[in-house]
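**Q** Its first residue numbered 321, the sequence shown is counted upward by one per residue in the numbering used here. Attaching a single structure in structure tokens format; questions to follow.
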Amino acid sequence: MNKDEVIIREVMLRDGLQNIPEFIPTEAKIELFRLIVASGLRNLEVTSFVSPKAIPQFQDAAQMARAVLKMKPEGVEVSALVPNLRGAQLAAESGMRNIGFVMSVSESHNISNVRRTTAESMEEMKKIVELKGKYPDLEVKAGMATVFGCPFEGKIKPEVTLGFIRQFYQLGLRHMSLADTVGFGNPKEVQETCRLCVTEFPDVKFSIHMHNTRGLGLANSLAAYEAGIRIHDGAVGGLGGCPFAPGAKGNTSTEDLVFMFEEMGVKTGVNMDALLEASRYFQKVKKDVRYSSSIIEVGVPVPKGPITKDGYEQKWNM
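Structure representation (structure tokens):
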């Protein structure tokens with residue numbers, strides 16, 4: 321992928337919904353999927369095969385997976401998050417062929433999040449990779465949480481992350497995600513870490529998952545882009561965040577990511593008008609939803625339109 325284009329991976333259906341205590345009807349999730357795909361987004365994480373006791377929102381994971389796999393247009397990639405081998409087995413049985421297993425590079429956070437040491441999680445990943453023996457077309461992605469900081473351990477040194485990447489690489493994995501789980505990252509550190517990763521592993525497809533906890537989500541995504549990362553996670557309306565990370569909230573808004581890149585001349589393939597239909601629809605489903613997106617709040621500047629006191633037209637209203 322060249323410097324003039326990026327892939328925005330939409331995670332609202334998984335990460336965006338996981339903190340919502342009220343169960344969102346499966347039919348509404350499917351309609352959200354349809355609207356998001358209609359906007360031009362071609363890479364979506366749609367559910368999580370986690371225990372319903374842990375996160376009740378995903379009690380319909382298998383149903384959701386089968387539905388979107390049946391209706392997705394050609395060229396659209398859908399994936400699911402799995403917390404363990406059992407989740408991976410259930411995902412594969414439902415027909416899902418793109419799965420992501422996440423572990424923290426922070427020992428303390430991994431124990432808090434999944435009740436395992438990082439060594440135990442790595443052993444679990446090995447078992448998940450072995451599923452390829454039964455499902456040869458299964459694609460496994462390694463997700464690394466707390467890459468840029470941990471609420472228990474503070475800053476994480478890049479060498480720690482690189483150590484995990486080397487282990488994943490030896491397992492044959494070539495798609496890995498770097499996550500700023502609790503919003504500790506800053507552009508300088510993000511760029512340095514991403515550049516080290518891309519330089520040492522040029523054949524790995526890296527993606528970035530930023531949270532906007534402290535207002536640096538966009539800046540950090542831009543820093544990752546400048547370091548060579550071309551796949552960026554976003555969530556419609558900036559919804560979501562890690563439910564097991566103290567103080568964490570809010571993914572980087574997909575609308576804001578699309579606007580930033582398109583204004584820079586970097587193509588996303590996304591139609592903003594169509595994308596905003598998804599957030600409008602979800603507002604009807606959950607009337608008390610609170611978005612965290614500048615574009616949803618004020619729209620995009622259209623100098624040739626009716627002029628407001630700001631000198632720009634507010635084109636979209638929520």
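Beta carbons: idealized from backbone N, C-alpha and C, even for Gly. Here the structure is a predicted model, which means the values were calculated and not measured.
1) Determine, using beta carbons only, whether Val331 and Asn532 come nearer to each other than 8 angstroms.
2) Could you give the residue range of the alpha helix (DSSP H) that holds Phe581?
3) Suppose you measure from the CA of Ile419 to the CA of Arg494; what does that come to, to the nearest Å?
4) Grab the span of the beta strand (DSSP E) containing Pro496 for me, first residue to last.
5) For Val449, does the three-state DSSP call read helix, strand or coil?
6) Any idea if Asn322 is buried or exposed, counting beta-carbon neighbours within 10 angstroms, 16 or more meaning buried?
7) Over the uninterrupted alpha helix (DSSP H) stretch that includes Asn433, give me the two end residues.
8) For chain B, check one thing: does any of its Cβ atoms lie closer than 8 angstroms to the Cβ of Leu498?
9) Which residue marks the beginning of the alpha helix (DSSP H) containing Gly420, and which one marks its end?
10) What's the C-alpha gap between Glu444 and Thr438?
11) For Asn532, does the three-state DSSP call read helix, strand or coil?
12) Quick check: what's the CA-CA separation for Gln338 versus Val480?
13) Which runs of the alpha helix (DSSP H) spanning at least 4 residues fall entirely within the segment 442-492, listed in chain order?
14) In whole angstroms, what separates the C-alpha of Glu325 from that of Glu473?
15) By Cβ distance, which residues of its chain are closer than 8 angstroms to Val357, with the 5 residues on each side in sequence left out?
16) Give me, in chain order, the residues of the same chain whose beta-carbon lies closer than 6 angstroms to that of Gly492; leave out the 5 immediate sequence neighbours on both sides.
17) DSSP puts Ser527 in a beta bridge; with which residues?
18) Which residue or residues does DSSP assign as beta-bridge partners of Ser399?
19) Below 8 angstroms, can you find three or more Cβ-Cβ pairs linking the segment 375-385 to the segment 400-420?
20) According to DSSP, Lys587 sits in a beta bridge with which residue or residues?
21) Can you tell me which of Gly537, Cys514, Lys373 puts its alpha carbon nearest to the alpha carbon of Phe526?
22) Helix, strand or coil for Glu509, going by three-state DSSP, please let me know.
23) By DSSP, does Glu394 sit in helix, in strand, or in coil?
24) Quick check: what's the CA-CA separation for Lys390 versus Lys477?
25) Given this structure, state the Cα-to-Cα distance separating Lys349 from Ser399, to the nearest angstrom.
26) Only counting the same chain, and skipping five residues up and downstream in sequence, which positions put a Cβ closer than 7 angstroms to that of Asn404?
27) How is Ile340 classed by DSSP in three states: helix, strand or coil?
28) Report yes if the CB atom of Phe579 is closer than 8 angstroms to the CB atom of Ile549, and no otherwise.
29) Bridge partners of Asn404, per DSSP?
30) So Ile616 is in the alpha helix (DSSP H); what residue range does that whole segment cover?
**A** Taking the geometry as given:
1) no
2) 574-583
3) 13 angstroms
4) Looking at the sequence shown, residue 496 is not Pro but Met. First-last of the beta strand (DSSP E) with Met496: 495-500.
5) helix
6) exposed
7) 427-434
8) Of the chains in the structure shown, none is chain B; there is only one protein chain.
9) Element bounds for Gly420: not the alpha helix (DSSP H) but the beta strand (DSSP E), 418-424.
10) 10 angstroms
11) coil
12) 28 angstroms
13) 478-490
14) 36 angstroms
15) Leu364, Lys392, Pro393, Val396
16) none
17) Ser497, Ile551
18) Glu365
19) yes
20) Glu325
21) Cys514
22) helix
23) coil
24) 43 angstroms
25) 15 angstroms
26) Glu444
27) coil
28) no
29) According to DSSP, which records beta bridges pairwise, Asn404 is partnered with nothing at all.
30) 614-618
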